[in-house]
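In our numbering, the protein residues as written are 807 to 1172.
Idealized CB from N, CA, C, for every residue including glycine.
As the structure is a prediction and not an experimental result, all values here were calculated from the model.
Notes for the one structure printed next.
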Amino acid sequence: MSEGDGEIERQKKEIERMQNEFRQYKDRVRENEKRAKEKTKKEFMKNLLETLDNLYVVINGDTQGKSEDVKMTYDGLIRAFNIEVISPTHGQCIDEIKHAAIDTITNPNYPENTIVYTVRRGYCFDNEVIRPAEVVVFVGGKQVKKNEETHKEMPEKKSIFDKFFSIISNFDYIVNITFKVIFKDKIRRLEEKINCLIIREREITGKEYSLKKEFEDINKREGNLLFIEQEIVKKEGILTKMLEELKQREENLMIKEQEITEKENLLKDEFEELKQKGENLMIKEQEITEKENLLKDEFEELKQNGGKTEKISDYDIIKSYEQENINKKFEIMVNKKFEIMAFVEESRNIKNEVSQLRQGNSGKEG
């Protein structure tokens, strides 16, 4: 694998790692947000239900109609938070999901598991029962189907228990009126709690806005990662093209190197041949020099003896011609030698370039 391919693989793995971390981060943020919302919702509902219970006690204990403002506050909270009140009536069949029986009264005159009265109201929020209504139920009577309304089937005559229950209810009203003054301070504290809940709701809204902004930043970062990935893909294409060009160049250089090697071998043979010819020319030149010396001696001897010198002049012409041929051949040899040296230098440079290219490719593959 070349260096370019290795770099591309590392970049891809880095992008995959960053994307996995990003997805895990988004999941953690969503999970934390969900937990925060659930926790806040539970705390909010706990405080709100306590407030609603206290307000309802004040409203239920007012026999003179002076708690109109409290009732408006109670109804306003119910509507504002879209809360469903669970307040079963006397004689209604118990619902195991919405009602919780905290006590029983044995009376065979009433159907089994029908409600006597509601001890504390229950509430539903967002189609979920956040607190069931606490009720007292009849036992010992006939069995009825679940969720069946039975108040229409009640006996028309009132039992001793009904009369007693009516007295207890009136007593509850008297007690509530007696303690109305005490609950004035409680109402004030409840109003303060409501204000705190409103402030808490605003804080939650602000936190939700911050989370949305954080998600936008995350999405923006994801877009940047996609852009980086696209750039890496482009770079991968460029590097692939460069590698193909380098491979083609290497092939061309190898072909040229082979041609040069063949030509170099031919030149070596030609150089050896020229070298041999040069040696032969030097031998021949030496022979001519020896003959020239002999002729000079003969010429001196003839001069002294008064002989003819025409033959010597002819020989000078022949010698001059041969010397000229020798000089020309020697000049050709010298030029050829320089040409061979230049070619050898060019061949050496090409070999060095091929060697460097191979070393570069070996480094990239490493």
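- Would you identify the three-state DSSP class for residue 927, choosing helix, strand or coil? Within the sequence shown, numbered from 1, the residue matching residue 927 stands at position 121. Residue state, collapsed to three classes: coil.
- Let me know the secondary structure DSSP gives residue 859 once reduced to three states. Here residue 859 refers to the residue found at position 53 of the sequence shown. Helix.
- Task: Just tell me which of 1085, 835, 823 has its CA closest to the CA of residue 1016.
- Result: Within the sequence shown, the letter at position 210 stands for residue 1016. Minimum Cα distance to residue 1016 is reached at 835.
- Task: For residue 815, name the three-state secondary structure that DSSP assigns.
- Result: In the sequence shown, counting from the first residue as 1, residue 815 sits at position 9. Three-state DSSP puts residue 815 in a helix.
- Item | Beta bridge counterpart(s) of residue 911 as assigned by DSSP | Locating residue 911 in the sequence shown gives position 105, where the first residue counts as 1. DSSP, once it has assigned bridges, lists 944 as partnering residue 911.
- Message: Using C-beta distances below 7 Å, list every residue in its chain close to residue 1180, excluding the 5 sequence neighbours before and after it, in chain order.
- Response: As displayed, the chain neither begins before 807 nor continues past 1172, which places residue 1180 out of reach and without an answer.
- If we cut at 8 Å on Cβ distances, does residue 1076 have a partner in chain B? Among the chains in the structure shown there is no chain B, since it carries only a single protein chain.
- Of the residues 876, 851, 1028, the one placed nearest residue 863, counting alpha carbons only: Here the question's residue 863 lines up with position 57 in the sequence shown. Selected option, being the one with the closest Cα: 876.
- Message: Can you check which of these residues, 1109, 1132, 906, is closest to residue 1090 by C-alpha distance?
- Response: Counting from one through the sequence shown, the residue named residue 1090 turns up at place 284. Measuring from the Cα of residue 1090, the nearest candidate turns out to be 1132.
- Query: Anyone know if the C-beta pair for residue 762 and residue 861 falls short of 8 Å?
  - Reply: Residue 762 falls outside the range modelled here, since the chain spans only 807 to 1172, and no answer is possible.
- Going along the chain, which residues of its own chain have a beta-carbon closer than 6 Å to the beta-carbon of residue 796, five neighbours each way excluded? Not covered by the structure: residue 796. The range shown for the chain is 807 to 1172.
- When the Cα of residue 1009 is compared with those of 850, 837, 1065, 813, which residue comes out closest? Here the question's residue 1009 lines up with position 203 in the sequence shown. Answer by Cα proximity: 850.
- Let me know if residue 1110 comes out buried or exposed under the rule of 16 or more other beta-carbons within 10 Å of its beta-carbon. For this step, residue 1110 is matched to residue 304 along the sequence shown. By the neighbour-count rule (16 or more Cβ atoms within 10 Å), residue 1110 is not buried but exposed.
- Item | Reduced DSSP secondary structure (H/G/I, E/B, other) of residue 1067 | The count along the sequence shown starts at 1 and reaches residue 1067 at position 261. Three-state DSSP puts residue 1067 in a helix.
- With a 10 Å radius around its C-beta and 16 neighbouring C-beta atoms as the bar for buried, classify residue 1154 as buried or exposed. Taking the first residue of the sequence shown as position 1, residue 1154 is located at position 348. Residue 1154 comes out exposed.
- In angstroms, rounded to a whole number, what distance separates the CA positions of residue 957 and residue 900? Indexing the sequence shown from 1 puts residue 957 at position 151. Indexing the sequence shown from 1 puts residue 900 at position 94. Interpretation of residue 957 is limited by its pLDDT of 42, a score under 50 that renders its predicted location unreliable; the figure taken from the coordinates is listed afterwards. Near 12 Å, if we compare the C-alpha coordinates of residue 900 and residue 957.
- Helix, strand or coil: which one does DSSP assign to residue 849? The count along the sequence shown starts at 1 and reaches residue 849 at position 43. It is helical.
- Shortest alpha-carbon distance to residue 914 belongs to which of 948, 895, 904, 923? Here the question's residue 914 lines up with position 108 in the sequence shown. Nearest C-alpha to residue 914: 948.
- Item | Neighbour-count burial assignment, residue 927, 16 or more Cβ in a 10 Å radius | Counted from its first residue, the sequence shown places residue 927 at position 121. The residue is buried, with at least 16 neighbouring Cβ atoms inside 10 Å.
- Message: Is it buried or exposed, residue 858, if we count other Cβ atoms within 10 angstroms and call 16 or more buried?
- Response: Looking up residue 858 in the sequence shown gives position 52. That one is buried.
- Would you mind stating whether residue 1156 and residue 1077 have Cβ atoms separated by less than 8 Å? Residue mapping note: residue 1156 aligns to position 350 of the sequence shown, counting from 1. Residue mapping note: residue 1077 aligns to position 271 of the sequence shown, counting from 1. The answer is no: Cβ separation not under 8 Å.
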